[in-house]
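Some notes on the structure that comes next.
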Amino acid sequence: QVQLKESGPGLVQPSETLSLTCTVSGFSLTSYSVSWVRQPSGKGPEWMGRMWYDGDTAYNSALKSRLSISRDTSKNQVFLKMNSLQTDDTGTYYCTRVYNNYYFDYWGQGVMVTVSS
Amino acid sequence: DIQMTQSPASLSASLGETVTIECLASEDIYDILAWYQQKPGKSPQLLIYDASSLHTGVPSRFSGSGSGTQYSLKINSLQPEDFASYYCQNGLSAPNTFGAGTKLELK
Chain A
23 QVQLKESGPG
33 LVQPSETLSL
43 TCTVSGFSLT
53 SYSVSWVRQP
63 SGKGPEWMGR
73 MWYDGDTAYN
83 SALKSRLSIS
93 RDTSKNQVFL
103 KMNSLQTDDT
113 GTYYCTRVYN
123 NYYFDYWGQG
133 VMVTVSS
Chain L
16 DIQMTQSPAS
26 LSASLGETVT
36 IECLASEDIY
46 DILAWYQQKP
56 GKSPQLLIYD
66 ASSLHTGVPS
76 RFSGSGSGTQ
86 YSLKINSLQP
96 EDFASYYCQN
106 GLSAPNTFGA
116 GTKLELK
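Sequence order for the protein chains is A and L.
Whatever position you read off the first sequence (first residue = 1), add 22 for the working numbering.
Whatever position you read off the second sequence (first residue = 1), add 15 for the working numbering.
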């Protein structure tokens with residue numbers, strides 16, 4: 023069955039870099055795109071960026087200067103790196119499978135990231 | 016960026032009642048809209064896509080409608096498991112913006 027699982031540190035210092043890994047199973051990264059979505063506590067989700075099935079990437083313009091998404095298809099993994107973290111980057115980070123080009127049909131359990139010294 | 020404005024922000028309803036949640040896009044999104052349900056501590060779950068298509072396994076008491084900039088999610092005959100937060104999402108253009116959410120609570 024389709025599964026996505028995020029992993030990474032729960033605590034990041036201000037101005038440091040966040041590195042997260044999404045490990046997928048039940049589908050191929052060369053057939054489906056994967057997006058990263060984050061959600062501050064009590065607020066709506068925010069789309070961060072996408073790794074297309076063909077290896078291309080797209081980013082939220084608000085984050086583009088700080089964000090990088092890559093993948094390793096042999097390991098079924100998608101990576102997120104975001105630098106210069108601030109306290110308002112605190113929230114739950116999800117990786118999601120993209121459905122019909124526009125939507126998100128499977129989500130990981132999420133990883134809570136706190137930016138604090 | 017396309018802004019998605021949801022209303023109401025919160026809603027109290029009783030079991031068996033019917034409720035409607037609205038979502039207004041800042042420009043025409045040509046029905047490229049989804050609705051998600053999220054329970055506390057869980058990931059969002061896709062309910063509706065293309066404004067009115069029910070995702071696999073979603074009960075038929077959920078329905079979506081609308082066009083242009085105005086969309087709505089209707090839930091008939093509320094069940095205990097329906098009390099959750101709901102979000103609309105623009106799929107037309109990046110960034111794929113979400114609404115701020117509607118929290119549906121048991122009266």
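We treat Cβ as the ideally placed atom computed from N, Cα and C, and that holds for glycine.
Predicted, not measured: the structure shown is a model, and the values here were computed from it.
- In this structure, L/C103 lies near L/Y51, with their beta-carbon atoms less than 9 Å apart.
- Per DSSP, L/Q53 is one residue of the beta strand (DSSP E) stretching across L48 to Q53.
- A distance below 6 Å between beta-carbons, with the five flanking residues on each side excluded, links L/S41 to the following residues of its chain, in chain order: I17 and Q18.
- Counting other Cβ atoms within 10 Å of its Cβ, A/G130 reaches 16 or more and is therefore classed as buried.
- Identification of residues in the segment 41 to 69 of chain A having a C-beta nearer than 9 Å to some C-beta of chain L yields S57, V59, Q61, G64, K65, G66, P67, E68 and W69, given in sequence order.
- With respect to the 9 Å criterion, A/V34 and A/R119 are not classified as neighbours on the basis of their beta carbons.
- Against chain A, the CB of L/T84 has no partner CB under 9 Å away; the residue lies outside that interface.
- Sequence-distant Cβ neighbours of A/G48 in its own chain, meaning closer than 7 Å and more than five residues away, are Q23, V24 and Q25.
- DSSP places A/D110 in the helix class (H, G or I) of the three-state scheme.
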